[in-house]
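Notes for the one structure printed next.
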Amino acid sequence: MRDDEIRRTLTEANPWWRAAAAGGDPTAWTGEHRLLRDRAAHDLGFRSRVMEDVATGPVSDLLTVLTGPRRIGKSVALLDTAAALCARMDVDPRQVIHLPCDGMRDRDLRRSLTLGRELTRSVDTEGARRRVWLLDEVSTLPGWSAVLKAARDGTAFGDDTVVATGSRWAPDEDVEGNLMAGRAGTTAGRRHRLALPMSFRDFLAATRPDVALPATVHPGALQDPSVADALAQVAFDVDAYDLAWQDYLTCGGFPRAVAEHTRTGAVSDPYLRDLAAWLRRDVDPDASAESVPAILSELAARSSSPLSVTNTASTLGFASRTSFEARLRRLVSAFAALSCERRDDDDRRVVGAQAKLYLTDPVLAWLPSRLRAGLPEPDMTRLTESVIAVALARAIDSLEEGRWTSGDTIAYARTLSGGEIDLAPIRLPTPAGVVTSVPVEAKWVDQGWRAEAKTIDGKYGRGILATKSVLDTTGPVWAVPAPLVALLLA
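Terminal number for the sequence shown in the numbering used here: 817, no gaps in between.
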């Protein structure tokens, strides 16, 4: 890109500069921005809080990487952050630099950092002021982290707030080495952040604000006496949670999907096709259009068991195990799937054991049957297990940042007789020291839960059985409705 093209990109992406220079309202642009207008058409009031500290806290030297699936609203979160900063009396709007990076090359990014500061030099008249850089989809650029590393080391960029977003966690990009080793700032803010679909808690708050939301608890405290008391207080409303859960399992947590389902009873085909296009681009761009729906359908059907990559590749018609494994890695790096490895009783990975693979949002499991005739609808019990697994993974990542992107969140376990525990205990930090999470089994049953609980009871002598509507906290293994388990974790 030429300098004039970069200048035009920056000027168009930062309309608040012109307003500030003219003495106008630096937030007036929010009523005209296309992405914000599009959100307004499908808005139930949900707002991600993933960037709240950047929007409201001191302008510091924090560098943070925000990742998550496409179509989730990362760009909108950046714009909301820009609007909040522009409205502050202690921030000059020209300190805020929004840079859409999709389609750039590394040299374009390097030059944009120079021109962005040059175009906003008027804020430095009475002394240098930190900028807030909002780098949208910068992870699409090969070598982007090396560019930011050099700028953090050798220019005033090293003192600025930097938010770098992306929809894929590329394994060949050394984000840790280039950016987190002494270049992520001196503040306590999170360096790794996830923008994921709405949790069940978010969904319930947006669609059923009259239903009570029990307080979240540490995954290691799921069976504390205080939790039993909290569950008893909402036991009368188990049916309401169950009905809401079935809705969530049908539409998932992508904000537009939630809005469409709430208003019309279904997620629209155009939006499902948008999601399919994202996955085809990131997972299997050279294959036919039916490739991604077929992969998703097969993974959804096999999600409750360790995945035989060889057998699944053969079922789907892949020429080799290697080519199918490449698609699975892309699904995980695109935040469409979550790996659940097997661990032993010492919380160590079992080398060579097959992993389970969960889709990260229910709507991805429904996409195949909606867009391709003949593909089956997903099973609600398997969807329940997937959603509980994702909720636990999110809770673990919130306790120790970076565990999701490093594939180090949830795990399953085996019993001596070959039985399987869906979500095995994981070692986690607390202010008092290290504890293990309470093991969880997802069965989504209305009756006969005690028989289902024998496996987890026999191995651990404790645990949670996520049921459809049964609530019983009197024994060593508790029966807790799946939606309440998700609410406790989220």
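Note that CB positions come from ideal geometry on N, CA and C, so glycine has one too.
Please go through the same chain and pick out, in chain order, the residues whose beta-carbon is closer than 6 Å to the beta-carbon of residue i, but skip the five residues on each side of it.
{"i": "D462", "result": "It should be noted that the sequence gives Leu, not Asp, for residue 462. Excluding sequence neighbours, L462 sits near L426, C428, A491."}
{"i": "P689", "result": "L576, G579, L710"}
{"i": "S632", "result": "none"}
{"i": "G485", "result": "R479"}
{"i": "T354", "result": "A410, C413, A414"}
Could you tell me the boundaries of the beta strand (DSSP E) in which residue i lies?
{"i": "H588", "result": "Looking at the DSSP string, H588 is not in any beta strand (DSSP E); the run it does join, the alpha helix (DSSP H), is 582-591."}
{"i": "L390", "result": "390-394"}
{"i": "I424", "result": "423-427"}
{"i": "D463", "result": "459-463"}
{"i": "A414", "result": "No beta strand (DSSP E) holds A414; DSSP gives it neither H nor E."}
{"i": "L337", "result": "That residue, L337, is in no beta strand (DSSP E); its alpha helix (DSSP H) goes 330-340."}
{"i": "R520", "result": "519-521"}
Looking only at its chain, what residues have a beta carbon closer than 8 Å to the beta carbon of residue i, apart from the 5 residues adjacent to it on each side?
{"i": "T757", "result": "H545, G547"}
{"i": "Y787", "result": "I748, P752, P766"}
{"i": "R366", "result": "G400, V403, P582"}
{"i": "D388", "result": "R457, G485, D486, D487, T488, G512, T513, T514"}
{"i": "A477", "result": "R437"}
{"i": "D566", "result": "S796"}
{"i": "D672", "result": "A740"}
{"i": "H369", "result": "P582, R583, A586, E587"}
Please state whether DSSP places residue i in a helix, a strand or coil.
{"i": "R374", "result": "coil"}
{"i": "V767", "result": "strand"}
{"i": "E727", "result": "coil"}
{"i": "E747", "result": "strand"}
{"i": "E500", "result": "coil"}
{"i": "K476", "result": "helix"}
{"i": "T488", "result": "strand"}
{"i": "K683", "result": "strand"}
{"i": "T794", "result": "strand"}
{"i": "D688", "result": "coil"}
{"i": "E779", "result": "helix"}
{"i": "D674", "result": "coil"}
{"i": "T306", "result": "Outside the modelled stretch of the chain, which goes from 328 to 817, sits residue 306, for which no answer is possible."}
{"i": "G760", "result": "strand"}
{"i": "D574", "result": "helix"}
{"i": "E359", "result": "coil"}
{"i": "E379", "result": "helix"}
{"i": "L665", "result": "strand"}
{"i": "A700", "result": "coil"}
{"i": "L468", "result": "coil"}
{"i": "L442", "result": "helix"}
{"i": "V714", "result": "helix"}
{"i": "D569", "result": "helix"}
{"i": "D799", "result": "strand"}
Which residue from the options puts its Cα closest to that of residue i?
{"i": "A817", "options": "I723, I748, G746", "result": "I723"}
{"i": "V459", "options": "R479, D433, T441, D487", "result": "D487"}
{"i": "R520", "options": "L719, L698, V381, R657", "result": "V381"}
{"i": "A584", "options": "L643, D611, L694", "result": "L694"}
{"i": "V403", "options": "A347, R361, P420", "result": "R361"}
{"i": "T801", "options": "R789, P810, L811", "result": "R789"}
{"i": "L558", "options": "R457, I783, V423, L540", "result": "L540"}
{"i": "A769", "options": "A473, L436, W805, D352", "result": "W805"}
{"i": "S615", "options": "H588, G644, N638, S635", "result": "G644"}
{"i": "V619", "options": "T687, M328, L655", "result": "L655"}
{"i": "G454", "options": "E464, R334, D419, L475", "result": "D419"}
{"i": "G746", "options": "S635, S725, S733, D784", "result": "D784"}
{"i": "G372", "options": "T534, L337, R777", "result": "T534"}
{"i": "V807", "options": "L691, R364, A778, Q550", "result": "Q550"}
{"i": "D331", "options": "L446, R364, E728", "result": "L446"}
{"i": "G470", "options": "F563, L506, G729", "result": "L506"}
{"i": "E313", "options": "T708, D499, D611, F563", "result": "Here the chain has residues from 328 to 817 only, and residue 313 is not among them."}
Got a sec? Which residues, its chain only, sit under 7 Å from residue i by beta carbon, not counting five neighbours each side?
{"i": "Y685", "result": "S630, A664, L665, C667, S713, A716, V717"}
{"i": "R495", "result": "S466, D609, S660, A661"}
{"i": "A751", "result": "R670, A738, Y739, A740, P766"}
{"i": "D828", "result": "Given that the chain is displayed from residue 328 to residue 817, the structure contains no residue 828 and the question cannot be resolved."}
{"i": "I333", "result": "D435, R438, S439, L442"}
{"i": "S375", "result": "G400, A404, A522"}
What span of residues does the alpha helix (DSSP H) with residue i cover, start to end?
{"i": "A813", "result": "809-816"}
{"i": "S618", "result": "618-629"}
{"i": "L602", "result": "596-610"}
{"i": "R648", "result": "648-660"}
{"i": "S553", "result": "552-560"}
For residue i, would you say it is in contact with chain C, using Cβ-to-Cβ distances shorter than 8 Å as the test?
{"i": "A349", "result": "Protein chains in the displayed structure number just one, and chain C is not present."}
Handout entry: the segment 674-686 / the segment 601-613 touching (three or more Cβ pairs under 8 Å)
Key = no
Exercise for the section: Could you tell me whether the segment 513-528 touches the segment 769-780, where touching means 3 or more Cβ pairs closer than 8 Å? Expected result: no
Practice task
Check whether the segment 403-419 touches the segment 430-446, counting contact only when three or more Cβ pairs, one atom from each stretch, lie closer than 8 Å.
Solution key: No: the two stretches stay apart, fewer than three of their Cβ pairs being nearer than 8 Å.
Practice task
Pair every Cβ in the segment 696-710 with every Cβ in the segment 748-768, then say whether three or more of these pairs are closer than 8 Å.
Solution key: no
Handout entry: Touch test, the segment 798-816 against the segment 545-565, Cβ-Cβ under 8 Å, three pairs minimum
Key = The segment 798-816 is in contact with the segment 545-565.
Exercise for the section: Count the C-beta pairs between the segment 508-518 and the segment 790-808 that are closer than 8 Å, then say yes if the count reaches three, no if not. Expected result: Taking 8 Å as the limit for Cβ pairs, the verdict is that the segment 790-808 does not touch the segment 508-518.
Practice task
Specify whether the segment 567-575 and the segment 610-629 touch according to this definition: at least 3 beta carbon pairs, one from each stretch, less than 8 Å apart.
Solution key: no
Problem - Segment contact, 8 Å Cβ cut-off, at least three pairs: the segment 587-596 with the segment 372-386 - result: no
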